[in-house]
Amino acid sequence: MDEDVLANAGGSASIGTGAAPAVPLRELNGKKISPEILKYVPQESADYYRFVPVGIKDSALEIGMVDPENTEARNAVSFIADKLGMPFRIYQISGDDFHAILDDYKNLTSEVSKVLGEFDADLAGDERLTDAISKKLGDENQDIALIEDAPVTKIVAVIIRHAIDGNASDIHIEPIGDRVRVRFRVDGALYTSLFLPANVYDAVVARIKIISSLKLDEKRKPQDGRFSAPLDGRKVDFRVSTMPSYYGEKIAIRILDSEKGVKSLADLALSDDHRQMIKNALARPYGLILITGPTGSGKSTTLYAMLNELDREKYNVVSLEDPVEFSVTGVNQSQVRPEIGYTFADGLRSILRQDPDMIMVGEIRDKETAELAVQAALTGHLVFSTLHTNNAIGVVPRLVDMGIDPYLIAPTLTLAIAQRLVRQLCPDGKEPETIEGGIKVIIDKEFEDLPKTFRDKVQTSTQVFHAKPSPLCPGGTRGRMAVFEMFEIDREMEALILKNPTELAIYKLAREKGMLSMKEDALIKCFNGLIPFEEASGL
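If you're matching positions, the sequence shown starts at 25 in the numbering used here and goes up one per residue.
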C-alpha cells in the first residue's frame, strides 16, 4: 500500500509515520481529468477548498490539494468521501495543475454542447423522448418560439434521460446566480450532475412548463404539473413542481417510472412476522391501517403494495391521492385538487357515497379527514392511510392530538406501521466485521428491554457488514430498502388506549408483545448482509 495519506470514508486514520505524514507530490503536467472522475467532487467544493479529484486507484479516490495542511479542506474531503462510501488518498498538486482541472470542470458544465456530445450514442432515445414530449405542445402561440430550438430541447431531454439511466428519483434544476445547478437524487442523496449557463435557464424553464401544462407567465407563485413520455418501451411519468427563489424559479421533477412502480408485499423486504401482520389486517372486513414516516420514506410504495394485495374484482376499491403516482388496475383512483376545493375531507365524503369496500386515503392531514377516516372504519370499511409521526407508537397520541376520542380509536385502529428507507449493500460490496467492542455494546443495548422469549427468536449473527467499494458499486451500496416497526391492536391494547393512551404506556405493552423497533429491524437486516451497519446504527 502507498505510504501516503489514506483515510477510510468518514474517518481520519492515515498511513505514514510521525504526527503529520508527508503528502506525496503529484505532477499532472497538463493531464486531462475525465468527467467520470470529476463527478465525484462538486465544482463548488473544488473551487472553494482548492482540491480536485485526480483519479481512482484500488477503489480509492485520489484527491489533489494545493494546500494539504488546510484542516478545513481535509474535513471537506472526509465528508465527501463519507457520502460516497469510498476511501481516499491525498496528494499535493501545483496551483497551475489545480487551475487546469478547474478549467476541465468549466468545459464540462458551461458548454452544454460538450455535455451533450458525450451522450451521442444515446441521442436516438433522447430524440424519441423529445418527439413524445413535443406532442404536448399542440398549437401554442409564437411567444414560446425561442424554446423550440434544438439545443434547449436536447438539454431537457438529456437531463431527463440520464436521470432515469442513473436511477434517480428526483431532478432539481436551481438557479444559483451566474449559473444553474442540476442535481439528481440517487438512493436518497443529492449529487450535482452538471451546471448550465444562466442565459439558457429561462428557455429551459419555459420548455418544462409547457410540457407540464403550467402557466408560462406565472413566476410569483409555486405551480404543480405533470407529463408522461414513453422511454425504451415503457411509460415514465414526471411530476413537476416550481417554486420562486431569490435567483429565479426552482424546478423539482419527481420521476415515477412504471417499471419500478407498484410492488407486492414480497418485494418490500418485510420479515415474515411483519408480512403476516399486514395480511391479517388486510383480511379484516373493516378497520384502520396507518403508516407513518417522513417524506421520502417509502410510505406510498407500501400503500400501493397493500392495494395490490386486495381482490379488486370482488370489491370496490377506491383511493384518494395527492397526486396519483401510479395507476393500479381495478382501483378507482381520484386525485385531490385543493385549489378548487376538492380536499381529502371532501373527497372522502364523496367516496363514502360510492359504495366502497376498501378506501385508501393518501394522507390524514387534519382533524376533519381523521374523523371521516375513523367513521368510515367504524361503519364497515377497510381504510388505510398515512400519518406524520416519528414511530409506530406515536400513531395513537397523534390521533388524540388531532381531536379523535380514544373510545373511537380503540375499536377502529387495527395496525400501526412506521418505516424508513436505508441504503442497500451491493452483493460484491460487503465487508464483514466481527461483533465485539463498541458494536456489541450498541447491539446489546438495543435489544436489552425486549422480553427474553422474543429476544431468543431474533436471528442474530457473529458479524455485521460494512459497505465496501467495488467496480460495480463505487460506494458499496446500490438502491434502498425499507426498515419497519409495527404493532397490532388486540383486546389488551384496546383496553390500554381507552385507559391511558400515552406513548410510554403503549410502548411498554407493545414491547411486552414482541414489537421490534426500526433500528432492530435494520440490525437484523445487517446481520443478513442486506444493509451496512452504519445505516442501522444511525436510526
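Glycine included, every Cβ here is placed at the ideal spot set by N, Cα and C. Since the model is a prediction, treat every value here as computed from it, not as a measurement.
- In the DSSP assignment, THR486 falls outside any alpha helix (DSSP H), carrying neither H nor E.
- Per DSSP, the continuous beta strand (DSSP E) segment holding TYR115 begins and ends at 112 to 116.
- Within a 10 Å sphere around the beta-carbon of ARG389 sit 16 or more other beta-carbons, which makes this residue buried.
- GLN67 is the residue among SER83, ASP82, GLN67, ARG113 whose C-alpha sits nearest the C-alpha of ILE125.
- By a beta-carbon distance limit of 8 Å, MET384 contacts SER409. Their separation comes to about 7 Å.
- Residue pairing for LEU396: DSSP places it in no beta bridge.
- In the three-state scheme derived from DSSP, where H, G and I count as helix and E and B as strand, ILE80 is classed as strand.
- Cβ contact annotation for ILE80 (same chain, cutoff 7 Å, sequence separation greater than five): ILE61, GLU86, in chain order.
- In the structure shown, ILE555 adopts coil according to DSSP, grouped into three states.
- Excluding residues up to 5 positions away in sequence, GLN357, SER358, GLN359, VAL360, MET384, GLY386 lie with their Cβ nearer than 8 Å to the Cβ of GLU345 in the same chain.
- For MET517, the enclosing alpha helix (DSSP H) begins and ends at 515 to 523.
- Rounded to the nearest whole angstrom, the C-alpha separation of ASN53 and ALA181 is 37 Å.
- Taken through DSSP and simplified to helix, strand or coil, ASN332 comes out as helix.
- The C-beta distance from ARG535 to LEU474 rounds to 7 Å, short enough to meet the 8 Å contact threshold.
- Counting only the Cα atoms, ALA397 lies some 14 Å from ILE315.
- The three-state secondary structure of TYR64, taken from DSSP, is coil.
- For THR477, the secondary structure class from DSSP, reduced to helix, strand or coil, is helix.
- For ALA442, the secondary structure class from DSSP, reduced to helix, strand or coil, is strand.
- With a minimum length of 3 residues, the unbroken runs of beta strand (DSSP E) contained wholly in the stretch 239 to 273 fall at 247 to 255, 258 to 269.
- Taking the Cα positions, THR403 is about 15 Å away from TYR431.
- Runs of the alpha helix (DSSP H) lying entirely within the stretch 338 to 394 and spanning at least 4 residues, in chain order: 368 to 375.
- Taken atom to atom, the span from the alpha-carbon of TYR339 to that of THR325 is near 21 Å.
- GLU558 and ALA491 have their alpha carbons spaced roughly 9 Å apart.
- The three-state secondary structure of ARG502, taken from DSSP, is strand.
- Following the DSSP letters along the chain, one finds LEU406 inside the beta strand (DSSP E) bounded by residues 406 to 411.
- Assigned with DSSP and collapsed to three states, ARG209 falls in strand.
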